[in-house]
Structures are given as C-alpha cells and as structure tokens.
C-alpha cells in the first residue's frame, strides 16, 4: 500500500518561479527520499533526509522534514523548463535490514518557458 | 560506470502467455528491487532481494508472478499466464548495502503490453 501522499497532484508554474511539493506519510520512518521521473532520464534520486534531520539542501533543492506532523516538503527554487517532471517521495521505514521504500503517487510539475 | 539495465525495453504479448523480464543491477550493489508502474501512477513494490537473505515477496500481486536472482546479480521477473491488467512499466532498481543502501538506482524499465 502507498504510504506517502504528495500534494498537489499537479502543479504548473512559469520558469523562474519556485515550486513547492508536499508529502505526508503515516508510520515512523528511518528516512525520506525524493525522486524525479521524466521521460528522458527515468527515475532519478534527488535527495535523502534522515529522520533526525529537519532541513537539507542540494543545489536549487531544499527539503524539509517534520516528523511530528509526518510530512516533508520539496522546494525547487528558480525553476527551469528542464525541471518539468513527476516528483515522488519515498519513505524507508524502521525495519532492521529491510531497505524497502514505500512510494507516494507523485506530483506532476510543469514549468512553462 | 554502467547503470542498471533492463531488457527488453518493450514487450507486447498475448493474454495467457508467459513473459520474462531481465534486470542487470549495478556491479557491487547487493540489493535489487522490482516495481510496477501503471500509467500516471506511482510505484507499486513487487519484490526485494538483499544479498543472500530470503527475498521480501510481499508485493507480488498473485502467484503468477515470481522472481529470482542468480549469483547475487542478474534478476529475472516472470509473469505466467499474463492478463491485460498486467500491462505496465516494470522497473528494476539496485542499491548498496550498509548505510548507503537506501538510495536506489533505477533502470529504464520494461514496458509490458498484454493484448
């Protein structure tokens, strides 16, 4: 079953604007990850934030994690047309050596030139 | 280095036929995952192999689905007596063991169409 739920389901912005996507989950996690999927490059890992971290940056990406609210957000600053893709959050639950991820349904982002 | 590869990239089969999908993980990755993605949907977990441990098969939707991983490397996902609802993109991913094992590297997928 899906644990993560992203919102919005779809987002359309102009190039240069910021895009914010949210992810909520239900159970305790070890870490939360964001992935991007587009037709050109398939599914690619973007960033991982651990349960004891609150914020993480990678280039134009900023991820926050609020474990009390069981939610995370992904901010893409100064968006580009090339950022057009679907963005998924995936959670790794605390389960010993099991590295299985539980995936959300994704946010479809369109960045218009 | 080489990424995860999958073959075939596309497969069209008739309902009732068996299909085999292949995944070559990144060399050195001990974990291998199979997912299914229907059009416009998220990823549905199917099965997970970690080293020599028993695989986590909890996501396989029916006993028509099976997978094996030979020699800790290449994996084959087999779907017997395919049904139209099996049509989807089947994605394989691999990852390291240890502290870095949560980051998954995906192959390009196999698009399966059951007619």
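Residue numbers (the working numbering), protein chains in the order written: chain W, 1 to 113; chain X, 1 to 115.
Glycine residues also receive a C-beta, built at the ideal position from the N, C-alpha and C atoms.
As the structure is a prediction and not an experimental result, all values here were calculated from the model.
{"query": "Cβ pair residue 74 of chain W, residue 11 of chain W closer than 8 Å", "result": "no"}
{"query": "Bridge partners - residue 13 of chain W, DSSP secondary structure assignment", "result": "W/111"}
{"query": "Closer than 8 Å to chain X by CB, residue 59 of chain W", "result": "no"}
{"query": "Buried versus exposed call for residue 81 of chain X [16 or more other C-beta atoms within 10 Å across all chains shown]", "result": "exposed"}
{"query": "Residue 38 of chain X - partner residues in DSSP beta bridges", "result": "Answer is none; residue 38 of chain X lacks a bridge partner."}
{"query": "Any C-beta of chain W under 8 Å from that of residue 31 of chain X", "result": "yes"}
{"query": "Contact check, residue 100 of chain W vs residue 45 of chain X, beta carbons under 8 Å", "result": "yes"}
{"query": "Span of the beta strand (DSSP E) around residue 84 of chain X", "result": "Run containing residue 84 of chain X: none; DSSP gives neither H nor E here."}
{"query": "Closest Cα partner of residue 26 of chain W within the set W/71, W/42, W/65, W/88", "result": "W/71"}
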